[in-house]
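Number of protein chains: 2
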Amino acid sequence: MKFSCEKALLQAAISTTSRAVSPKSSIPALEGILLEAGSDLRLTGYNLETGIRTIVPADIREEGTLVLGARLFGEIVRKLPDDIVTFQSENYMVNIKCGMSEFNILGTDPEEFPELPTVEYQNSLILPQSRLKAMISQTLFAVSDNESRPIHTGSLFEVDSEGLTIVSVDGYRLALRHESIDKKEGAETFSFVVPGAALSEVEKICSDVDEPASVTQGARHVMFKVGDTMLVSRRLEGEFLAYRQAIPRNNTIHVEGDTRALLSSIDRVSLIISDKLKSPLRCVFDSNLLKISTKTAIGDAYDECPLSGDGGGLEIGFNNKYLMDALKAAPADKVRLELTTGVSPCVILPTEGEENFLYMVLPVRLKAGE
Amino acid sequence: MKFSCEKALLQAAISTTSRAVSPKSSIPALEGILLEAGSDLRLTGYNLETGIRTIVPADIREEGTLVLGARLFGEIVRKLPDDIVTFQSENYMVNIKCGMSEFNILGTDPEEFPELPTVEYQNSLILPQSRLKAMISQTLFAVSDNESRPIHTGSLFEVDSEGLTIVSVDGYRLALRHESIDKKEGAETFSFVVPGAALSEVEKICSDVDEPASVTQGARHVMFKVGDTMLVSRRLEGEFLAYRQAIPRNNTIHVEGDTRALLSSIDRVSLIISDKLKSPLRCVFDSNLLKISTKTAIGDAYDECPLSGDGGGLEIGFNNKYLMDALKAAPADKVRLELTTGVSPCVILPTEGEENFLYMVLPVRLKAGE
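So the sequence lines, in the order shown, correspond to chains A and B.
For the first sequence, our numbering puts the final residue at 372, and the numbers step up evenly by one.
For the second sequence, our numbering puts the final residue at 372, and the numbers step up evenly by one.
Here it is as structure tokens:
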């Protein structure tokens, strides 16, 4: 194998594919990046769950394949001067030259690198990268980390004529984002569940630009394509929560508040709460005012946040982290909180326009003195 | 105790004094900050080695003292809105109010807080903060962490009519910085050794401004004063290395190079070296060229850096980290390297002007094949 390419482009490609490389594995090849110099130069990282492949513009003089340890390979290329990098390998020994620098390092047999699954085309959709990125990041936090219900360790992608809906749920809260898409192919409606770990990488691969990203659903896998980069993940199998039935929509109390002001108030009261000293937030929805308080062995804290609307004095308890996660994710300066009783969920929605997000947080029981 | 003050000023004072607070101590008061409301509001942190005291402008309505846990106190004040904070304590319970936020937390008995040592005035000097900060940061890295020679776990401050010289040494290398000072009081010449841990805090307290900092040497302690903040540390006792005799000054080889280019070359070759796979740098000083190479189980690396001057082909081994530390600290774009043989130290100096820095790195033995 012999090729040369620009240092900056190679560095970007290593950084992208490294995201799917196992940091520590019993199979040494899985700690590496597969380099394939053919008609183009392809770099692949694959941890058996998620695979990322990207193409680097390169001048290929001799075809070949090799696996290089991702960490060392990445560090060497990062520290090389901004110049053309030349690679030449014989057996598993690779010579890397750039400017006045030269390295000889040992690679691994590419035969030991597992093959990326192929995604048999079923259905697909196209939407701007920036939109996909935002939708993922604003729902990913509610994905469950409880492996006893594997289906909820991923997010549901639901596609219909209205667009794409992404839903995450973990038993204590629910996050939903809805947006229109540019194009849809295949079935009238389709849905699939993507593991949270893969979505976390898709989010990083997408940029804040309007260039398109495509999502292709295969029989057992799903593929995301963003520019020259492709990510493949297995789909999660099982029955996802029938979320529409789970969300109460005839709530009797509607109040509106400033997202950042709500967050600041909750954040301050939360100072008294720690992993060791847990306590729910006691929220009282008064007329145009939310009173938040809590009490632990450290002391007590009280805060107020102005709202518009009358909560009728409803008292309800919340896990501070769950409420903050939802408010942090909500892509709006103002939000509407819908409530009914002290034992029914709180639903967080936009105050106006299309209902493009919905967060639901279940209440926790308040004990006297908390 | 009852007082009110500006949130931002209080936050800055907590952040400064927290540096001298023990993160974990068997005496709970040592994990706290002492608040003393008298004619002014004083905050003190003291971990029995280093003490930091600072003054906060405050409106004091009732005098008193209290100790508050530094971590919680700091987090509460940091998250309060930008407004006037009101404190009111009764026994050890303190009520903190700011805007619509209110906290009640428990403090500790101030009687349990150890008294800061008083520094009996002997000698003192004054120099700009920015200069003191730079001198400390450019020598601190060479302080020894070997407790078997406690005197070398600090830096030597030597004051004479020429100014201030700070020297650190750890048995493998030496760092020296010299600068003029604004004012000197007391003895004609004097010297003392300040613990590295205290200097690390002094460096952070000093800003990049020309406002003066004063250093006062007491019989057993040393005091740094920077604006409204004062740091007290015990002095290290013992015999510091007679460093002037240790530095070879009649070196036969003089070469000059670009500091950043030298650093980049060494940094790249060092990629092959890790904590587990140690190997010295093999440096060959040729005519106008430094060749650097090394070899470990990972592979081998080679780099070149242009120099001006002839090294006559001298081959010498160095610990990569020690050479990089010195070059990173050197406050100059170009440096002069002085060498004599493969077993004598390398001295790093300015290429021109006053000799305001000197770094010395001892060589390491090269084995065949390294």
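C-beta atoms are modelled at their ideal positions from N, C-alpha and C, and glycine is treated no differently.
Keep in mind that this is a model prediction, so the values were computed, not measured.
Excluding sequence positions up to five away, which residues of its chain have a Cβ less than 7 Å from the Cβ of residue i?
i         : result
Ser281(B) : Ile275, Thr296, Lys297, Thr298 and Glu372
Phe105(B) : Ile78 and Ile98
Asp288(A) : Gly313 and Gly315
Asn49(B)  : Ala22, Val23, Ser24 and Leu32
Ser27(A)  : Glu33
Glu356(A) : none
Note down, in chain order, each residue of its chain lying with its Cβ closer than 6 Å to the Cβ of residue i, except the 5 sequence neighbours on either side.
i         : result
His180(B) : Thr167 and Asn358
Leu329(A) : Thr261, Leu264 and Leu265
Glu122(A) : Gly220 and Ala221
Is the separation between the beta-carbon of residue i and that of residue j shorter than 8 Å?
i         : j         : result
Thr342(A) : Glu258(A) : no
Gly53(A)  : Leu12(A)  : no
Pro152(A) : Leu238(A) : yes
Gln219(A) : Phe242(A) : no
Leu129(B) : Asp172(B) : no
Gly156(A) : Val145(A) : yes
Arg21(A)  : Glu203(A) : yes
Leu176(A) : Ile249(A) : yes
Ile294(A) : Asp302(A) : no
Ser103(A) : Leu127(A) : no
Cys285(B) : Ile318(B) : yes
Ile300(A) : Ile16(B)  : no
Gln124(A) : Ala221(A) : yes
Gly66(A)  : Ala39(A)  : yes
Gln140(B) : Cys208(B) : no
Leu142(A) : Glu213(A) : no
Phe5(B)   : Leu43(B)  : yes
Val349(A) : Asn252(A) : no
Ala200(A) : Leu233(A) : yes
Leu178(B) : Leu360(B) : yes
Cys7(A)   : Ala60(A)  : yes
Thr18(B)  : Ile35(B)  : no
Ile57(A)  : Asp162(A) : no
Closer than 8 Å by C-beta to residue i: which residues in its own chain qualify, once you throw out the five before and the five after it? Chain order, please.
i         : result
Glu114(B) : Ile29, Pro30, Ala31 and Val69
Tyr174(B) : Asn321, Tyr324, Val363 and Leu364
Asp335(B) : Asp260, Thr261 and Arg262
Lys9(A)   : Val79, Leu82, Pro83, Asp84, Asp85, Ile86, Val87 and Cys100
Who pairs with residue i in a beta bridge, going by DSSP?
i         : result
Cys307(A) : Leu292(A)
Ala60(A)  : Cys7(A)
Gln90(B)  : Lys4(B) and Asn97(B)
Pro197(A) : Gly156(A)
Pro352(B) : Val337(B)
Gly66(B)  : Ala39(B)
Asp260(A) : Lys336(A)
Asp302(A) : Lys297(A) and Asn106(B)
Ile255(A) : Leu341(A)
Gly47(B)  : Ile54(B)
Asn125(A) : Gln219(A)
Met225(B) : Thr218(B) and Val234(B)
Met362(B) : Leu176(B) and Val349(B)
Val161(A) : Leu166(A) and Phe192(A)
Under a Cβ-count criterion, where at least 16 other Cβ atoms within 10 Å of its own Cβ denotes burial, should residue i be classed as buried or exposed?
i         : result
Ser267(B) : buried
Met137(B) : buried
Asn322(A) : buried
Leu279(A) : exposed
Glu187(A) : exposed
Glu340(B) : buried
Arg133(A) : buried
Gln247(A) : exposed
Val345(B) : exposed
Leu37(B)  : buried
Gly76(A)  : buried
Thr120(B) : exposed
Gly240(B) : exposed
Thr191(B) : exposed
Glu149(A) : exposed
Val211(A) : exposed
Positions along the stretch 59-85 of chain B whose CB lies within less than 8 Å of some CB in chain A: Leu74, Glu77, Ile78, Lys81, Leu82 and Pro83
Residues from the stretch 295-314 of chain A in contact with chain B, defined by Cβ distance under 7 Å: The stretch 295-314 of chain A vs chain B, Cβ under 7 Å: Ile300, Gly301, Asp302, Ala303, Tyr304, Asp305 and Glu306.
Members of the stretch 95-107 of chain B that neighbour chain A once the beta carbon cut-off is set at 7 Å: Met102, Ser103, Glu104, Phe105, Asn106 and Ile107
Within 7 Å of chain B by C-beta, residues of the stretch 250-281 of chain A in sequence order: Asp269, Arg270 and Leu273
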